[in-house]
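Residue numbers (the numbering used here), protein chains in the order written: chain F, 871 to 1168; chain B, 871 to 1168.
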């Protein structure tokens, strides 16, 4: 018996999207999703099935400036994008952006999702498992007089002045490796242990921006962290409250999940290429390999 | 015969809006406009007719961060906003913003227009005729790889790298008082003489922002200036071309009106309060007073 082995290339996609018009990243039948639209566009051009793997599975309404995904494509399918190897990637990038723009819900036809680059992945690269960490920002404005309607698609407007120093003190107690059950929608069989690398807020005039970085996030974790810290910032809870909830693994009616529209996946951090495979193996081992109930995004 | 004179207060409104969901500033029957929505909201609260005068009559799709308007209200109507004088203004501001948020087309209910402040105007103040100048910005991105979908509501995406230095040299020749017929949609009986105070582009990474300031603008003037300069920036026309069109008062098929969505009225400049009335009288005299075909916005 002879086995025909198709030669596959792994492609890395860097992309950005306005989450407003999408039901999140993950493909869902009958709903407009980033994964669904991107997969359909790639399959149209390549005339071959595409299975995307993404670094951050963003929720409905959440944006991305620096999302990363990969997929494997047979070399003969890649040729459908254009004649030669390097040109095929440029051709694929242009044609996929043209299709995405055509599928935009925007009356002006400007695209709400764009692929910034498509390139051959380094050996061992996995968009999800090679990632060291994900960094999200969350934008809040606490002065109604400074409300900028042009920024409203990505800003939460709160009526009380926020105490940034108190929020940062409270956040400091959450840094490091912990069981973040109190800040997660847990999924059966999946761990809620994560390493929170950064969690701080900065004020620029009336706009307070949270930056939250972790090795990975459970479902709703960034929004629950921000929602909890906002209650410290407006004085309705003490600075100790978030750490008490973390330590007590408390999930109750006081859990405040901040709305999704001010949340943006800014970037995904990867190690140097020679460490891609090692990192992926380590991550898979830690988070029960192939377990689709595990979440590595937000 | 006795005449009853109602005592009127002139109120100044500072406001901002995302122009995407509006058919421009000016009220039009059956269309969602900023003037229409704002007038309706004010009349609901004050239970009195409201006639707004605005500094910049923005076109459909054009945004504003620093728009200014005024209207005159009988003191007894103002009391409908709240009990006492000062409180009435605060009450009016809060209630009008609540109505504007309720009328938002945004599924999340965040408002696409907001009144930043309502206050008693200084004596002699006229939002339109007291203004010294209007400043608009126009945002263009010339690197497809840096396209930010979150900024697309206010950015023009062009495929060729723009030569900012060439555009600024070309723009320098347009500064000062000229007949801007070549850059206007003229209206019968209205002058097209304007004083262009600033017209320059600046690059920040892949984003080129034009700043254009004039005593007043004819209809489509900013967008025609930008559209003309973009043809210099992408190398399809010489640096002398815009000045040639200005001097020749040329209006032909080569007129390029850039799209409205990247255009924002940033601010309106006024003289010190003691000069309000003098400035208004001067402006009215120059631009055929009360002539509604005259345009002072964009």
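In this text, a Cβ means the ideal position worked out from N, Cα and C, and glycines have one as well.
For the stretch 938-959 of chain B, the beta-carbon criterion of a distance under 8 Å to any beta-carbon of chain F is satisfied by none of its residues. Annotation: the continuous alpha helix (DSSP H) that includes residue 1103 (chain B) extends over 1091-1103. Under the Cβ criterion of 8 Å, residue 1040 (chain B) is not counted among the residues facing chain F.
A Cβ-Cβ distance of about 22 Å is found for the pair residue 903 (chain B) and residue 1007 (chain B), leaving them out of contact under the 8 Å criterion. Close CB contacts of residue 1127 (chain F) within its chain, under the 7 Å cut and outside five residues either way in sequence, are with 1090, 1093, 1094 and 1097 (chain order).
By alpha-carbon distance to residue 1050 (chain F), the top candidate from F:933, F:1059 and F:1063 is F:1063. Around the beta-carbon of residue 1030 (chain F), fewer than 16 other beta-carbon atoms lie within 10 Å, marking it exposed. Counting only the Cα atoms, residue 911 (chain B) lies some 10 Å from residue 962 (chain B). Beta-bridge pairing by DSSP links residue 939 (chain B) to B:883 and B:924. Beta-bridge analysis with DSSP links residue 1008 (chain F) to F:1080 and F:1133.
In the structure shown, the three-state DSSP call for residue 1141 (chain F) is coil. The beta carbon of residue 888 (chain F) falls within 8 Å of a beta carbon belonging to chain B, placing the residue at that interface. Residue 1074 (chain B) has B:1077 as its beta-bridge partners, per DSSP. With a threshold of 8 Å between beta carbons, residue 1121 (chain B) makes no contact with chain F. With three or more CB-CB distances shorter than 8 Å, the stretch 1106-1118 of chain F counts as touching the stretch 1034-1045 of chain F. For residue 989 (chain F), the uninterrupted beta strand (DSSP E) segment begins and ends at 983-990. Annotated three-state conformation of residue 1153 (chain F) is helix, per DSSP. Residue 1063 (chain F) has F:1049 as its beta-bridge partners, per DSSP.
Listed as beta-bridge partners of residue 1054 (chain F) by DSSP are no residues whatsoever. Under DSSP, the beta-bridge partners assigned to residue 934 (chain B) are B:887 and B:1135. Within chain B, 1018 and 1020 have C-beta atoms less than 8 Å from the C-beta of residue 935 (chain F), given in sequence order.
In the three-state reduction of the DSSP assignment, residue 974 (chain F) falls in the coil class. Residue pairing by DSSP places residue 1027 (chain F) opposite F:1011 in a beta bridge. Nearest in C-alpha terms to residue 877 (chain F), of all of F:937, F:894 and F:949, is F:949.
Assignment of residue 1016 (chain F) by DSSP, reduced to helix, strand and coil, places it in the helix class.
Think of a sphere of 7 Å around the beta carbon of residue 877 (chain F): no beta carbon from chain B falls inside it, the nearest being about 28 Å out. For a Cβ distance threshold of 9 Å, residue set 1015 of chain B lies close to residue 987 (chain F), ordered along the chain. Non-local beta-carbon contacts of residue 1073 (chain B) in its own chain, meaning distances under 6 Å to residues more than five positions away in sequence, involve 1034 in chain order. Identification of chain F residues near residue 1012 (chain B) by a Cβ-Cβ cut-off of 9 Å yields none; the smallest Cβ-Cβ distance measures about 14 Å. For residue 1035 (chain F), the enclosing alpha helix (DSSP H) begins and ends at 1034-1042. Take residue 893 (chain B), set aside five residues on each side of it, and the residues of its chain with a beta-carbon closer than 7 Å to its own are 901, 902, 903 and 930, in chain order.
For residue 1068 (chain B), the three-state secondary structure derived from DSSP is strand. Considering only F:988, F:1087 and F:982, the residue with the shortest C-alpha distance to residue 957 (chain F) is F:988. Residue 984 (chain F) reaches chain B at 1017 and 1019, counting residues in chain order whose Cβ is nearer than 7 Å. Within chain F, the C-beta atoms nearer than 8 Å to that of residue 1027 (chain B) come from 980, in chain order.
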